[in-house]
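Read the structure below first, then the notes.
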Amino acid sequence: KAEAEAKAKAEAEAEAAKAAEEAADDWEDEDWETAEVKTVAPEEPEKAKEEAKAASDEGSDEDASGDSDSESGSESGSGSDSDSGSDDSDSDSDSDSDDDYSDTDSDDYSTDSEEEREERIAEARAAREAREAKQRKLKSADRLRSPICCILGHVDTGKTKILDKIRNTNVQDGEAGGITQQIGATFMPHEALEEKAADCLEGEPLKIPGLLVIDTPGHESFSNLRSRGSGLCDIAVLVVDIMHGLEQQTIESINLLKMRKTPFVVALNKCDRIFDWEAVPNGSFRKSLKGQKEHAQLEFEKRKDAAFLALAEQGLNAALYWENPDSRRYVNVVPTSAITGEGIPDLLYMLSHLTYKMLGEKLWYSPALQCTVLEVKTIEGLGTTCDVILVNGRIKEGDTVVVCGLQGAIVTQVRAVLTPHPMKEMRVKGSYQHHKQIEGAIGVKLAANNLESALAGTQLYVLGSQDSEEELRDTVENEMSSVLEGVDKTADGVCVQASTLGSLEALLEFLGSDDVQIPVCGVNIGPISKKDVMRASMMATRGLPEFAVILAFDIEVKKDARELAKEMGVRIMTADIIYHLFDQFSAYMKEVKAQKKKETLRDAAFPCVLRILPSCVFTRKDPIVVGVDVIDGIARIGTPICVPSQGQITLGRIASIEREHKAVDRATRGQSVAMKIEPTNPTESSRMYGRHFDHTDDLVSLITRKSIDLLKEHFVDEMDKESWRLVVKLKKLYEIV
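FYI, in the numbering used here the residues of the sequence shown are 1015 to 1751.
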């Protein structure tokens, strides 16, 4: 029996040894990436044996820890064996291994680990970009995508109205203040384009599959959103008000289009406002113009020539589209009316014709994904969704996508791919069409989990079988960090929050412009929470309560956050239009400034030199009431007065001033006024005109170092150069450092 047991034991040991060897061979044969493998230094196993032996000699506590270490090691080993076929699991186990060694290894080793990670990401990025370049080579002229069009221009030129006329909808009424605040997208299919442009086509077939229009905001404060929109678009429509010509934001848009080398068409809008214009609803403008009265045609020519001259001043040659000798040298101008619909067929015809003629290979469909997040919304029945512009490539249900979020990269799975019905704008709620998969170019709504904090304006990536999740995470996070790095969180200033990354960038750019210059110390995206209020309240602890302010653009404020703000003295300013925020903050700062002036006025002594009129001494003592000429500076109520020629004796403060029998709060150089000087202490009460001073002695304001500093801080706008020169003289007189 004993022999049988020994034999069985020997066989079991032999099988275990054989299995261990096979496992080791499998491990060695595995195609490990050298950058991801963590090897143990040769001396470490012996060192570990010595430590284990010492631990076993010392006691059971150390034995227990040793056992747990070996168990964790065996678990790690079995995990790597069972998951050896998975690249993701390998990278996970490697990262765990890195964490284990980071506690015990040297700083140099930690640095190497970070370098390895960066190298690994760089390799994965290079591989992905190479695959995308290969996919782009598969483009063919046989298959075109819909061109993407942007609408740019000055505020109130009629950008959204033009789109409304094309769609026969009215999104404009839903826009805050009539200014477009978020990027909207509208897809117009081939059939709709042909129908709308029928007046101009004259039987000529359209060759593009459709037109995707992004309605970007036209206000200058949204230059960043426009930058994103212009980055997406193939052709642009620059809307110009024929009654006003080129305006500030129009010129800015021209420069933006020039910089990006984007072809564009000028829509000379509001032609219906020309005197005695007879509208031809939804007709071709060229035909409509021929039917106008002579004086209406002459006024149109006059205003058109003025617009052309303004365009020429910006370095652009312009011509009416039907008179254009060369579309590459002259900008096409299409007169329109968003109210009557005149010129809309002409505009659609030109967009369709020019994109096909000028864009060439740019319109060839590419399987390489190009997708931008426009907006994140919560839709009843769908949960959190994000609107995206899919330019090239395809997205299908079940795809794993990577997008930038507030707290870092978001990796999630697409539950539904939805599109609005053709000719409807994506910002307007309505029923959606469901798709198993969809290809660009089109506006798409994606339903997926964990999209609440996804950032609008960032790129969306699909995680393919050959892609590295780590590399895509790093890529999308770099977009967010590039914005946040521009804010100095240690500086003094207000906190800023917005609904999207693009809005935040636009707001920061606006606040930092030369005309505004509002300092910012913190930023965030999304609804205001208690945490945001507490961060803003830190300004009060720094002694700057006027900056305990949150500027909230197009976001909600949670109830508990509003209550906490009231309790902590934090001012929350909300607005749907960026300029309203500036107006609110400006009014608030005026209040703060006025309050500070009021509080410091008594200590801020304005410089003045007064000469007593001997014939106008009304009261000689307590109070002293005399008539004076203001020789220099500004005499204000509350200013302390002294007599330097009599040993700098003080008389009190100016209590009131009268000029021509009317009470005033100040008297300036060259004026003659009556003045009452009230004493502030018993010594000053004893001062008497004729005994301590007389009309030969000048009365001078008593300034101090503190009063000069207060003038500099709060009253600069009330001081002129002559007054500052007098301050310099009085500093020497009173020996102020």
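Here a beta-carbon is modelled for each residue, glycine too, at the ideal position from N, C-alpha and C.
Only a predicted model underlies this, so the values are computations on that prediction, with no experimental measurement involved.
- The C-beta separation of isoleucine 1162 from isoleucine 1228 comes to about 6 Å, placing the pair in contact by the 8 Å criterion.
- Excluding sequence positions up to five before and after alanine 1326, its CB lies less than 6 Å from no other CB in the same chain.
- Counting only residues of its own chain and dropping the five nearest sequence neighbours on each side, serine 1302 has a CB closer than 6 Å to the CB of Val1294, Glu1356.
- A distance of 7 Å or more separates the beta carbons of glycine 1457 and isoleucine 1409.
- Around the beta carbon of threonine 1633, fewer than 16 other beta carbons sit within 10 angstroms, so the residue counts as exposed.
- Methionine 1494 is not a Cβ neighbour of cysteine 1400, given a cutoff of 7 Å.
- DSSP places arginine 1683 in the coil class of the three-state scheme, outside both helix and strand.
- For phenylalanine 1620, the closest of Ile1668, Ser1600, Phe1201 by C-alpha to C-alpha distance is Ile1668.
- In this structure, aspartate 1360 and phenylalanine 1299 form a Cβ contact; the two beta carbons are roughly 5 Å apart against a cut-off of 8 Å.
- Within the same chain, Tyr1344, Asn1346 come within 6 Å of asparagine 1338 by CB-CB distance, once the 5 residues on both sides are set aside.
- Residue burial annotation: histidine 1168 is buried, with at least 16 other C-beta atoms found within 10 angstroms of its C-beta.
- The segment 1515–1584 contains, as complete alpha helix (DSSP H) runs of 4+ residues, the segments 1515–1525, 1544–1555, 1573–1582 (chain order).
- Separation of glutamate 1133 and glutamine 1421 (C-alpha to C-alpha, rounded to the nearest whole angstrom) is 24 Å.
- Its chain contains Pro1161, Cys1163, Leu1225, Ile1249, Val1251, Val1279 as the residues whose beta carbon lies nearer than 8 Å to that of leucine 1365, once the 5 sequence neighbours on both sides are disregarded; these appear in chain order.
- Annotation: aspartate 1170 to lysine 1210 spans about 24 Å, alpha carbon to alpha carbon.
- If one requires a minimum length of 4 residues, the alpha helix (DSSP H) runs lying completely within the segment 1335–1404 are 1358–1373, in chain order.
- Contact holds between the segment 1536–1546 and the segment 1568–1575, because three or more Cβ pairs, one in each stretch, are under 8 Å apart.
- Per DSSP, the beta bridge partners of asparagine 1283 are Asp1255.
- By the neighbour-count definition (other C-beta atoms within 10 Å, threshold 16), glycine 1478 is an exposed residue.
- For glycine 1395, the closest of Tyr1370, Val1415, Ile1424, Ala1462 by C-alpha to C-alpha distance is Ala1462.
- Threonine 1682 and aspartate 1646 have their C-alpha atoms spaced approximately 8 Å apart.
- Between alanine 1575 and cysteine 1509, the beta carbon gap of about 12 Å keeps them out of contact (Cβ cut-off 8 Å).
- Non-local C-beta neighbours of isoleucine 1638 in its own chain, meaning closer than 7 Å and more than five positions away in sequence, comprise Leu1665, Ile1691, Tyr1703, ordered along the chain.
- Shortest Cα-Cα distance from valine 1606 to any of His1675, Leu1383, Pro1559 involves Pro1559.
- Taking a C-beta distance under 7 Å as the contact criterion, leucine 1595 and alanine 1589 qualify as a contact pair.
- Going by DSSP, leucine 1270 is part of no beta strand (DSSP E) but of the alpha helix (DSSP H) stretching over 1262–1274.
- Methionine 1202 is bridged by DSSP to Leu1225.
- Counting only the Cα atoms, glutamate 1292 lies some 44 Å from glutamate 1453.
- Nearest to arginine 1139 by alpha-carbon distance, out of Gln1662, Ala1520, Tyr1475, Glu1674, is Tyr1475.
- Burial of arginine 1181 is indicated by the presence of at least 16 other C-beta atoms within 10 angstroms of its C-beta.
- In chain order, Lys1410, Glu1411, Val1431 place their CB closer than 8 Å to the CB of lysine 1450, counting only its own chain and leaving out the 5 sequence neighbours on each side.
- Excluding its 5 nearest sequence neighbours in each direction, threonine 1414 has C-beta neighbours in its own chain below 6 Å: Gln1427, Leu1477, listed in chain order.
- Between the alpha carbons of alanine 1310 and leucine 1334 lies a gap of roughly 17 Å.
- Nearest Cα to glutamate 1491 within the set Leu1521, Ile1424, Gly1507, Thr1433: Ile1424.
- Within 10 angstroms of the beta-carbon of threonine 1200 lie 16 or more other beta-carbons, which makes it buried.
- According to the DSSP assignment, histidine 1728 belongs to the alpha helix (DSSP H) that extends over 1719–1728.
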